[in-house]
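Take a look at the structure set out below.
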Amino acid sequence: MARHCTHLDQVKITSTGKHVCEDCVLTGDSWVHLRLCLICGHVGCCDSSKNKHATKHFHAVGHPLIRSIEPGERWMWCYVDELAPGEVET
164 MARHCTHLDQ VKITSTGKHV CEDCVLTGDS WVHLRLCLIC GHVGCCDSSK
214 NKHATKHFHA VGHPLIRSIE PGERWMWCYV DELAPGEVET
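As structure tokens, this is what we get:
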């Protein structure tokens, strides 16, 4: 049986004008890549970054869906279902 994301109906935000991890800015740290919470619009750094703020945001508030906001990337990730449910339509 094919697995699928059960949280896509929660998507509210698919793009942002933010291009920094504000949590890293506050601590004076840098990041590798940025991720956007598709529920509330929080921008956090990826798991390759020292602080992993996107994943910390998921654990703190439970918002399951993120997308990459790196240039040319449209993939999404669901933390709960542990899969990439597709690409964000632009």
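Each residue of the sequence shown is one higher than the last, beginning at 164 in this note's numbering. Glycine residues also receive a C-beta, built at the ideal position from the N, C-alpha and C atoms.
Quick one, which of the options has its alpha-carbon nearest residue i's?
i, options, result
"H226", "W240, E252, N214, H196", "W240"
"I176", "C184, L228, L197, L246", "L228"
"R230", "V224, A223, C208", "C208"
"K181", "T169, E245, H205", "H205"
What's the C-alpha gap between residue i and residue j?
i, j, result
"H220", "S212", "14 Å"
"W194", "E233", "12 Å"
"R166", "Y242", "14 Å"
"C173", "G235", "The sequence shown places Gln at residue 173, not Cys. Cα to Cα, the separation comes out at about 24 Å."
"V251", "V188", "27 Å"
"T218", "L171", "18 Å"
"D244", "L199", "17 Å"
"C168", "W238", "13 Å"
"A223", "D186", "14 Å"
Residue i by DSSP, collapsed to three states: which one?
i, result
"C187", "helix"
"V195", "coil"
"V243", "coil"
"L171", "helix"
"V251", "coil"
Report the CB separation of residue i from residue j in whole angstroms; it is logged as a contact under 8 Å.
i, j, result
"C184", "L201", "With a Cβ gap of about 16 Å, C184 and L201 do not count as contacting."
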